[in-house]
Amino acid sequence: MITLFGTVALVGFPLLRAPCSPYPDKTALPYSGEVSEELVPHPPEWRMSDADRNRVVERLQQALGEGRISLDEFEERLSAVLAARTFGDVAPHVADIPGVTIARPAPEFTELRTTAATLKRQGTWVVPRRLLVTARAGSVKLDFTDAVIGHSVVDIELNVSAGTTTLVLPAGASADIDGVEFIAGSAGVRGIPAHASGPGRHFVVHGKQRAGRLIVRYQRRFLRWRW
Numbered sequence: 049m050i051t052l053f054g055t056v057a058l059v060g061f062p063l064l065r066a067p068c069s070p071y072p073d074k075t076a077l078p079y080s081g082e083v084s085e086e087l088v089p090h091p092p093e094w095r096m097s098d099a100d101r102n103r104v105v106e107r108l109q110q111a112l113g114e115g116r117i118s119l120d121e122f123e124e125r126l127s128a129v130l131a132a133r134t135f136g137d138v139a140p141h142v143a144d145i146p147g148v149t150i151a152r153p154a155p156e157f158t159e160l161r162t163t164a165a166t167l168k169r170q171g172t173w174v175v176p177r178r179l180l181v182t183a184r185a186g187s188v189k190l191d192f193t194d195a196v197i198g199h200s201v202v203d204i205e206l207n208v209s210a211g212t213t214t215l216v217l218p219a220g221a222s223a224d225i226d227g228v229e230f231i232a233g234s235a236g237v238r239g240i241p242a243h244a245s246g247p248g249r250h251f252v253v254h255g256k257q258r259a260g261r262l263i264v265r266y267q268r269r270f271l272r273w274r275w
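Numbering-wise (our numbering), the sequence shown opens with residue 49 and increments by one.
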């Protein structure tokens, strides 16, 4: 991603946006919340919620009504979907239905670039295993609080000049910034352990931060505000 003299903010939208419609009697299921109109791909190892399963069942019902699958196939797939624990478990049962992608692995590598601009990532964005951040005279804020992180360790390389880099980590995460070279710059790590000590994600940050500041912290909260 490249930005010049502007602002880029990639904001994830809520996965659950619209109420589901009632199911026919023959496939009635307990309604447990809202589901979205679209199937949003997730890392295959992520656990599914009841709303996620209901959303997939709706698509199977649609496929049955269109004649894409038989009643026997529908009942077999329905049982599998209701018993599924992860998105990867469900993927084989919808793989042959056009327009349905339920599981998507996280990318291996992504480069984010900005020049004299502000670059932000927040919401439900997909985090790669390796991330390169290149910034010139611009600020970078990467908020991992609600991000889709399919890896236990995330590698972040910085190539930043004359700008501030802010990393907002999810609860329980740790970060090692010992590999960062500061040139006329500084670091502020606030309450973040340097070593992984639990199930939380671990971030390894290295590279160069020139004439700017690196800030690593958890999300701040006050009443209904989050930042």
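Glycine included, C-beta positions come from ideal geometry on N, C-alpha and C.
Given Gly-211 as reference, the closest of Ala-165, Arg-249, Gly-171 once Cα atoms are compared:
Distance from the Cα of Gly-211 is smallest, within the candidate group Ala-165, Arg-249, Gly-171, for Ala-165.
If we count the other Cβ atoms within 10 Å of its Cβ and call it buried at 16 or more, is Ile-204 buried or exposed?
buried
Tell me where the alpha helix (DSSP H) around Ser-127 begins and ends.
Per DSSP, Ser-127 belongs to the alpha helix (DSSP H) from 119 to 131.
Using the Cβ count rule (16 or more neighbours within 10 Å means buried), how would you classify Leu-217?
buried
So what's Glu-106 in DSSP terms, helix, strand or just coil?
helix
Would you tell me roughly how many angstroms separate the C-alpha atoms of Ala-143 and Arg-249, rounded to the nearest one?
Between the alpha carbons of Ala-143 and Arg-249 lies a gap of roughly 30 Å.
contact_flag[the segment 224 to 243, the segment 173 to 185] where n(CB pairs < 8 Å) is 3 or more:
Fewer than three Cβ pairs drawn from the segment 224 to 243 and the segment 173 to 185 lie within less than 8 Å of each other, which leaves the two stretches out of contact.
Helix, strand or coil for His-243, going by three-state DSSP, please let me know.
coil
So, does the segment 128 to 142 touch the segment 89 to 104, judging by three or more C-beta pairs under 8 Å?
yes
By a C-beta neighbour count over all protein chains shown, 10 Å radius and 16 as the cutoff for buried, is His-141 buried or exposed?
buried
Residue range of the alpha helix (DSSP H) that includes Phe-135
135 to 142
Taking just the CA atoms, how far does Asn-207 sit from Arg-125?
48 Å
Going by Cα to Cα distance, which pick from Ser-118, Val-129, Arg-116 is closest to Val-105?
Val-129
What residue does the beta strand (DSSP E) around Leu-271 start on, and which one ends it?
Looking at the DSSP string, Leu-271 is not in any beta strand (DSSP E), and its letter there is neither H nor E.
Count the CB pairs spanning the segment 235 to 245 and the segment 260 to 272 that are closer than 8 Å, and state whether there are at least three.
yes
I'd like the list of long-range same chain contacts for Ala-183, defined as Cβ closer than 6 Å, with 5 residues on each side in sequence excluded.
Thr-162, Val-208, Gly-211
Between Arg-265 and the rest of its own chain, which residues show a CB-CB distance below 8 Å, the 5 nearest in sequence each way excluded?
Thr-214, Leu-215, Val-216, Leu-217, Gly-236, Val-237, Arg-238, Gly-239, Ile-240
Nearest residue (CA-CA) to Leu-167, options Ala-154, Ala-185, Pro-155
Ala-185
Alpha-carbon to alpha-carbon, Ala-195 and Arg-268
16 Å
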